[in-house]
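For the sequence shown, position 34 matches number 34 in UniProt numbering, and the numbering has no gaps at all. For reference, the structure is listed below as structure tokens.
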Amino acid sequence: MTTPTTPPSAGTPSMSPSTVADVEEAMRDVIDPELGINVVDLGLVYGIALEQNTAVIDMTLTSAACPLTDVIEDQSAQALDGIVDGFRINWVWMPPWGPEKITSDGREQMRALGFNI
């Protein structure tokens, strides 16, 4: 499933081009509603590309049955506002997510929340 690109506002000039690192940093503000850890440190973001200052994000969820894609899309829109002109999330399921994808920062955050990882 693909989230439609958010177009720039009519009459608003395009902002300065951002970098993949800018987008990744902004996505750290997107918190997985079930685990309370950002999607980057959880290892849910598989890839980021920029196409004419539109972010294209390959992303998965901890479970294909997760009903929270709308929440994550809304948080992504807020996090990326002012960073890129628009974004699109490509929801991907291969390879499946597993706890081995969590970064060391994510593991520390999870331990602080009481998870044994």
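All C-beta atoms in this analysis are idealised placements derived from N, C-alpha and C, irrespective of residue type, glycine included. Every value quoted in this text rests on a predicted model; they were computed, and no experiment measured them.
Could you please give the first and the last residue of the uninterrupted alpha helix (DSSP H) stretch that includes residue i?
{"i": "D22", "result": "20-27"}
{"i": "E51", "result": "Note, E51: premise wrong, no alpha helix (DSSP H); beta strand (DSSP E) at 45-51."}
{"i": "D105", "result": "104-112"}
{"i": "M55", "result": "According to the sequence shown, residue 55 is Ala rather than Met. Where A55 is concerned, there is no enclosing alpha helix (DSSP H), although the beta strand (DSSP E) it sits in stretches over 54-59."}
{"i": "I72", "result": "69-80"}
Nearest to residue i by alpha carbon, out of the options?
{"i": "M110", "options": "R28, D29, L35, I48", "result": "L35"}
{"i": "N38", "options": "N116, R107, V20", "result": "R107"}
{"i": "C66", "options": "F87, L44, A55", "result": "L44"}
{"i": "D70", "options": "E25, V30, P95", "result": "V30"}
{"i": "Q52", "options": "T19, Q75, A112, I72", "result": "T19"}
Mark residue i as exposed unless 16 or more other C-beta atoms lie within 10 angstroms of its C-beta, in which case mark it buried.
{"i": "I89", "result": "buried"}
{"i": "I102", "result": "buried"}
{"i": "W93", "result": "exposed"}
{"i": "Q78", "result": "exposed"}
{"i": "S63", "result": "exposed"}
{"i": "S104", "result": "exposed"}
Determine whether the beta carbon atoms of residue i and residue j lie at a separation below 7 Å.
{"i": "D32", "j": "G47", "result": "no"}
{"i": "L80", "j": "A21", "result": "no"}
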